[in-house]
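Student: When you line the sequence shown up against the working numbering, it's residues 4 to 173, in that order.
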Amino acid sequence: MTTRRAFLALSLAAPALALAPVGAALAQAPGPIGGIRVDVSRLVEQGWGEHARAIGAGLERELRTAFGGDIRRGGPTLVVSVRQVFLNSYAGNGGGGGRWGGGDGGASSDSFESQASLVGRGNRVLATYPVLSTVPASSAGPWYLPDIDKRRIENLIRHNAGWIKRYVAG
């Protein structure tokens, strides 16, 4: 017999389950990961050249830091494919006002799109998490600093790695 309390609990849990990332049911409490691999081949195809390799190395370093002691031999490999990096051409403050009374509606945001997959034995994909990070371009500091693009990319990498850790670690 279904009680009112059980029905209410189920109805409250349904939206959360519907919003869970792809493969989340399979990846709940996957345990420690066995390794990390970052693929930036798509960025190379888009013309990022040596910058693509630097982005891959930076993301791998940030993921290793984020997962820390959760990397143990025998666990599934975390494979992250970087799909796109977008740096907005304007990195000043967002201005004021606008139609809705604040900011610029995200027009000066940078974005970093990746797909994180847990791959087990026999190259079996256990879970997949699409991750899109959006960070205000101005969060890296004044636009006129000589290393501003590098700092913006580092912000995106850190933000994306944090979301990957959150999705994978549950």
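Ideal placement from N, C-alpha and C gives every residue a C-beta, glycine not left out.
Remember, predicted model here, so these are calculated numbers, not experimental data.
Just how far apart, CA to CA, sit residue 82 and residue 120?
Tutor: Roughly 5 Å separates the two Cα atoms.
Student: Residues bridged to residue 132 by DSSP?
Tutor: Looking at the DSSP assignment, residue 132 forms a beta bridge with 119.
Student: How do the region 136-151 and the region 40-60 stand: do at least 3 beta-carbon pairs fall below 8 Å, yes or no?
Tutor: They do not touch, by the three-pair rule.
Student: Does the structure place the region 126-142 close enough to the region 53-71 that three or more beta carbon pairs sit under 8 Å?
Tutor: No contact exists between the region 53-71 and the region 126-142.
Student: Would you identify the three-state DSSP class for residue 160, choosing helix, strand or coil?
Tutor: Residue 160: helix per DSSP, three-state reduction.
Student: Quick one: what does DSSP say residue 174 is sitting in, helix, strand or coil?
Tutor: Look at the range of the chain in this structure, 4 to 173, and you will see that residue 174 is not part of it.
Student: I'd like to confirm the pairing. Which residues does DSSP put opposite residue 80 in its beta bridges?
Tutor: Note: residue 80 sits in a beta bridge opposite 38, 122.
Student: Have a look at the DSSP bridge pairing and note the partners of residue 137.
Tutor: According to DSSP, which records beta bridges pairwise, residue 137 is partnered with 114.
Student: Would you say residue 167 and residue 134 are within 7 Å of each other, going by their C-beta atoms?
Tutor: A contact, by the Cβ cut-off of 7 Å.
Student: If the criterion is Cβ atoms closer than 7 Å, does the pair residue 71 and residue 37 meet it?
Tutor: Going by C-beta atoms, residue 71 is not nearer than 7 Å to residue 37.
Student: For the alpha helix (DSSP H) that contains residue 43, what are its first and last residues?
Tutor: Careful: residue 43 lies outside any alpha helix (DSSP H) and carries neither H nor E.
Student: Between residue 137 and residue 112, is the Cβ-Cβ spacing less than 7 Å?
Tutor: Cβ distance < 7 Å, so residue 137 and residue 112 count as in contact.
Student: Would you kindly work out how many angstroms separate the C-alpha atoms of residue 156 and residue 69, rounded to a whole number?
Tutor: Looking at the two C-alpha atoms, the distance is approximately 17 Å.
Student: Does the beta-carbon of residue 89 have 16 or more other beta-carbons within 10 angstroms, so that it is buried, or is it exposed?
Tutor: By the 10 Å Cβ count, residue 89 comes out exposed.
Student: Using CA coordinates, which residue listed in 40, 162, 158 is at the minimum distance from residue 74?
Tutor: Out of 40, 162, 158, 40 has the C-alpha closest to the C-alpha of residue 74.
Student: Pull up the distance between the alpha-carbon of residue 91 and that of residue 160, whole angstroms please.
Tutor: Looking at the two C-alpha atoms, the distance is approximately 15 Å.
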